[in-house]
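First the structure, in the form of structure tokens, and then the observations on it.
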Amino acid sequence: MANTDQCKNCERSFDSSFDYCPYCGQETADNLTFGVLFSNTISNYFSIDARFFKSFIPLMTKPGVLARRFVDGKRLSYLHPAQFYLFVSVVFFFVFSFSIRKADNQVSKAFERSLEQEAPLDSMSVKIDSVGIEAAKKALKTNQVHTGMSDAEMKAIDSLIDNSEGIPVTSWGFQRQRLDSLIEGGAPQAQKLEAMGMKKNAGVFTTRVFTQLLKLYEQRGGGILKALYDTVPIAMFVLLPLFAALLKLFYWRRGSFAHHMVFSFYFFTFLFMTFCVLILANALFEIPIWIEVPVILSIVLYLILALRNFYKSHWVGAFFKANSIALLYMLFVLPLAMAGVVFVSFMLY
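What follows is the structure, encoded as structure tokens:
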């Protein structure tokens with residue numbers, strides 16, 4: 001009688017001479033070590049195997065060919081376009097995060113320098129202590145009998161102080177010195193928001209905007225680029241289908257929307273690859289502009305060749321459609337999307 005083993009995964013019995021379970025495919029000698037755990041995690045999540053390198057070379061050197069092969073049915077030999085895109089985008093945003101950290105510090109310093117510049121009053125720099133002003137107003141009201149000031153004169157002084165145009169203000173339009181005094185004194189947030197110009201009966205949306213502006217002011221702009229960076233990967237899940245929609249518009253009869261999505265996945269993977277190389281190269285040495293410009297222009301050339309190879313279109317049609325798609329995407333889709341990204345990142349800051 002043949003010896004049998006029991007699969008630890010599906011718990012079914014099979015001949016002990018088998019190296020893999022014939023029912024579920026799990027390896028029989030599944031010794032879990034740190035190396036196996038690490039390699040399996042990478043392999044299962046990203047499928048880093050021969051398919052990656054087999055997909056990478058035609059992606060970079062043969063525009064549109066890899067997408068065409070995948071659509072034509074040659075799928076097991078190459079990485080799935082969505083999986084390929086996911087892996088490369090993770091690598092890109094990891095590399096890009098180092099640039100964001102450096103830029104975020106520069107934004108904070110620039111923000112701080114801009115706040116140090118005070119608006120002049122009669123060609124002189126003026127500093128206002130809002131706490132001292134409130135104390136002076138209170139003292140005047142308390143000793144109004146002794147000073148002989150009328151109620152009308154007191155109101156005129158209040159109006160002059162509250163609405164003075166000579167008080168230094170930030171470019172946002174509120175009195176910076178007064179707000180700084182409230183922040184240093186630990187004043188309630190409602191009082192600080194009021195000092196920024198928010199009305200007491202403001203709605204939920206307005207209150208949220210002023211709250212975010214106050215947070216941005218208190219942190220001197222620190223972390224705003226980080227919030228923007230965290231929002232961009234999510235926005236890509238919208239930008240990519242919109243690019244596929246433009247392809248569908250120009251190639252209405254050339255395949256289903258899924259086919260255009262396959263092309264878009266591979267094209268955006270190429271973009272991330274290109275920008276990743278530029279960032280890494282720029283980290284080692286400053287790339288001159290005469291190199292960066294041809295690289296950026298080569299992306300349009302890549303798109304022309306990719307459309308020609310994927311859709312089997314004429315060279316003239318591929319040229320005009322590639323430029324039209326790029327122009328529409330850069331002028332309309334991308335600015336609207338980036339405006340949405342900036343707004344969302346600001347509200348979640």
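For the sequence shown, my numbering gives the first residue as 1, with consecutive numbering after it. No residue lacks a Cβ here, since even glycine has one placed at the ideal position from N, Cα and C.
Please tell me whether S17 and Q6 are closer than 8 Å, where the distance is taken between their beta carbons. On the sequence shown, position 17 is the one that residue 17 refers to. On the sequence shown, position 6 is the one that residue 6 refers to. Against a cut-off of 8 Å, the Cβ pair of Q6 and S17 comes out as no contact.
Which residue wins for smallest C-alpha separation from M60, given the options L278, M236, Y266, V95? Walking along the sequence shown from the start, residue 60 turns up at place 60. Ranking L278, M236, Y266, V95 by Cα distance to M60 puts Y266 first.
To which residues does DSSP link S99 through a beta bridge? By 1-based counting over the sequence shown, the position of residue 99 is 99. According to DSSP, which records beta bridges pairwise, S99 is partnered with nothing at all.
Are the region 224 to 239 and the region 205 to 212 touching, with three or more C-beta to C-beta distances below 8 Å? no
Could you tell me the distance, in whole angstroms, from the CA atom of K54 to the CA atom of Y78? For this step, residue 54 is matched to residue 54 along the sequence shown. For this step, residue 78 is matched to residue 78 along the sequence shown. So the alpha carbons of these two residues sit roughly 6 Å apart.
Cβ neighbours of C276 in the same chain (closer than 7 Å, five flanking residues each side left out): Residue numbering aside, residue 276 sits at position 276 when the sequence shown is read from its first letter. Correct list, in chain order: V91, F92, V95.
Under a three-way DSSP split, which group does D122 fall into? Reading the sequence shown from its first residue, position 122 is the one you call residue 122. Any reading at D122 needs caution, since the residue's pLDDT is 42, under 50, leaving its predicted position unreliable; the model's value is listed next. Three-state DSSP puts D122 in coil, outside helix and strand.
Which residues in the same chain have their Cβ closer than 6 Å to the Cβ of Y302, if we skip the five residues on either side of it in sequence? Taking the sequence shown and counting its residues from 1, one reaches residue 302 at position 302. Excluding positions up to five away in sequence, the list reads P63.
Answer with buried or exposed for F244, where buried requires no fewer than 16 other C-beta atoms within 10 angstroms of its C-beta. One-based indexing of the sequence shown puts residue 244 at position 244. Here residue 244 turns out to be Ala, not Phe, going by the sequence shown. Flag for A244 reads buried.
In angstroms with no decimal places, state the Cα-to-Cα distance between D15 and N3. Taking the sequence shown and counting its residues from 1, one reaches residue 15 at position 15. Taking the sequence shown and counting its residues from 1, one reaches residue 3 at position 3. D15 and N3: Cα-Cα distance of roughly 6 Å.
V88 vs F272 beta-carbon contact at 8 Å: Here residue 88 refers to the residue found at position 88 when the sequence shown is read from its first residue. Here residue 272 refers to the residue found at position 272 when the sequence shown is read from its first residue. Contact flag set, yes.
Cβ-Cβ distance between F250 and S324 below 8 Å: Position 250 of the sequence shown, counting from 1, holds the residue named residue 250. Position 324 of the sequence shown, counting from 1, holds the residue named residue 324. Result yes, Cβ atoms of F250 and S324 sit closer than 8 Å.
Please report how far the alpha carbon of K312 lies from the alpha carbon of L247, in whole angstroms. If you number the sequence shown from 1, residue 312 lands on position 312. If you number the sequence shown from 1, residue 247 lands on position 247. Whole-angstrom Cα-Cα distance: 14 Å.
Which one or two residues does DSSP pair with Q6 in a beta bridge? Here residue 6 is taken as the residue at index 6 of the sequence shown, counted from 1. Paired residues: S13.
Return helix, strand or coil for Y349, following the three-state DSSP convention. Sequence index remark: in the sequence shown, residue 349 carries index 349 (1-based). If DSSP states are grouped into helix, strand and coil, Y349 belongs with coil.
Hey, would you say V333 sits closer than 8 Å to L240, going by beta carbons? Taking the sequence shown and counting its residues from 1, one reaches residue 333 at position 333. Taking the sequence shown and counting its residues from 1, one reaches residue 240 at position 240. It is not a contact, given that the beta carbons lie outside the stated cut-off.
Do A318 and L328 have their C-beta atoms within less than 8 Å of each other? For this step, residue 318 is matched to residue 318 along the sequence shown. For this step, residue 328 is matched to residue 328 along the sequence shown. Against a cut-off of 8 Å, the Cβ pair of L328 and A318 comes out as no contact.
Inter-residue Cα distance where the pair is G255 and Q191: Position 255 of the sequence shown, counted from the first residue, corresponds to residue 255. Position 191 of the sequence shown, counted from the first residue, corresponds to residue 191. Answer to the nearest angstrom: the Cα atoms are 60 Å apart.
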